[in-house]
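Heads up: the structure comes next, in structure tokens.
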Amino acid sequence: MKGNWKILLLILLIMFTSNISIAVGQGDYSIGKALVKSIFYLFITAIVLIITVYGTRFIAKNSRKLACSKYMRIIDSLNLGVNLRIIMVEVGEMVYVLAVSNNSIDLIDKLPKKVFSKESSFEDQLYRYKYEFNKKQILANKWISNISKTFKRHNKIYDKEDEGDEKDS
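All residue numbers for the sequence shown refer to the numbering used here, where the first residue is -5 and numbers rise by one.
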């Protein structure tokens, strides 16, 4: 039924618009005919615009279906400028935080899905992430200082042994 309407509409459009340019000598030219033609052309223009609007909507709906993925979902996106975005992508049980620019895509972090709750805001998530990062940074700094102390003690022992060697010569 839909196909028949399309064919009928196309036939009518072709019938009414096929003889648009006709060479006319000095014939009768009335204002009534000009008015009817103007209204007809406005009607055809309106139909073309309506078909364009609905066609665009149809294409937009179908392109969303093509752009969706079974295994990945974009949770959030943040524009940081013209050429830079931060995107959170859910893949399975993990959430990937990506920095996307025109030339590259960089992995910022990979987090378990359970870290994110739907009730919390972005500020809460950012605070929690910064807190965990600071906690890890403090722990890493402690390890580095302990390792440095161990090496300094070890170096002092060797320095004392080297002092005796220098005096012998």
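For every residue, glycine included, the Cβ atom is placed at its ideal position computed from N, Cα and C.
Contact under 8 Å by Cβ, residue i with residue j
i    : j   : result
P106 : E87 : yes
L101 : Y90 : yes
N56  : N77 : no
Opposing strand residues paired with residue i [DSSP bridges]
i    : result
R79  : N73, V94
D118 : D118 pairs with nothing; no bridge assigned.
K104 : Y90
V85  : M66, M88
I99  : V94
Chain-order list of residues whose beta-carbon lies under 8 Å from that of residue i (same chain, five-residue window excluded)
i    : result
I38  : L7, F10, T11
I69  : M82, V83, E84, V89, F110
F116 : D70
Y65  : V85, G86
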